[in-house]
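Counting along the sequence shown from 1, when you hit position 127 you're at 556 in the working numbering, and nothing is skipped either side.
Notes follow the structure.
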Amino acid sequence: MNQVGRYAASDEVDDVELMKMVMELPEKDKMVMWSQGYIDLVIEKLPEYARDILENRMQKWEDTKSFYQDQIEDILNDDEFKKQAKGERKQFALFVMEHYRDLQSLLFAAYDGKITEEDVRKFVYRRRFGGRKKYLH
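Have a look at this one:
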């Protein structure tokens, strides 16, 4: 939880001070609040006139999340995917890596039956801000 989230969760919250903190946050940190699921707490503590600062962005992220969820559902309902999923796990993994490289983390989670909304949120965050570390060598 970032500093804004900790401040919003505390008992003594000054809504104007919280608003200043939110406005100073870069987009990446605002999206972290959303991907980790505590943005609603921050929005609730903001003054009425300042809530749209996060609500508008949150709606865009939710739309993106829905897009990826729909894509995953379409793939899971595809006959070829179902056929491959019933086969050997190694062959299935190769199939996913060859055909759905971008969505493979979500597809493997769905295959194992462990996909959650938080997984999709983190996926959206990583797609936006590059979750892989880039090394200089």
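Yeah, the Cβ is synthetic: ideal placement off N, Cα and C, and Gly gets one too.
In this text, all values refer to a predicted model and were calculated from it rather than measured experimentally.
Reduced DSSP secondary structure (H/G/I, E/B, other) of residue i
| i | result |
| --- | --- |
| residue 485 | helix |
| residue 448 | helix |
| residue 543 | coil |
| residue 497 | helix |
| residue 454 | coil |
Cα-Cα separation between residue i and residue j, rounded to whole angstroms
| i | j | result |
| --- | --- | --- |
| residue 549 | residue 462 | 14 Å |
| residue 553 | residue 506 | 22 Å |
| residue 521 | residue 557 | 27 Å |
| residue 478 | residue 485 | 13 Å |
| residue 509 | residue 503 | 11 Å |
Close Cβ partners of residue i (< 7 Å) along its chain, the five nearest in sequence each way excluded
| i | result |
| --- | --- |
| residue 544 | 535, 538 |
| residue 468 | 462, 483, 487 |
Cβ neighbours of residue i in the same chain (closer than 8 Å, five flanking residues each side left out)
| i | result |
| --- | --- |
| residue 526 | 533 |
| residue 432 | 450 |
Which listed residue (the options) has its alpha carbon closest to that of residue i
| i | options | result |
| --- | --- | --- |
| residue 450 | 502, 514, 508, 434 | 434 |
Contact under 7 Å by Cβ, residue i with residue j
| i | j | result |
| --- | --- | --- |
| residue 605 | residue 439 | The shown model of the chain, from 430 to 566, leaves out residue 605, and the question about it has no answer. |
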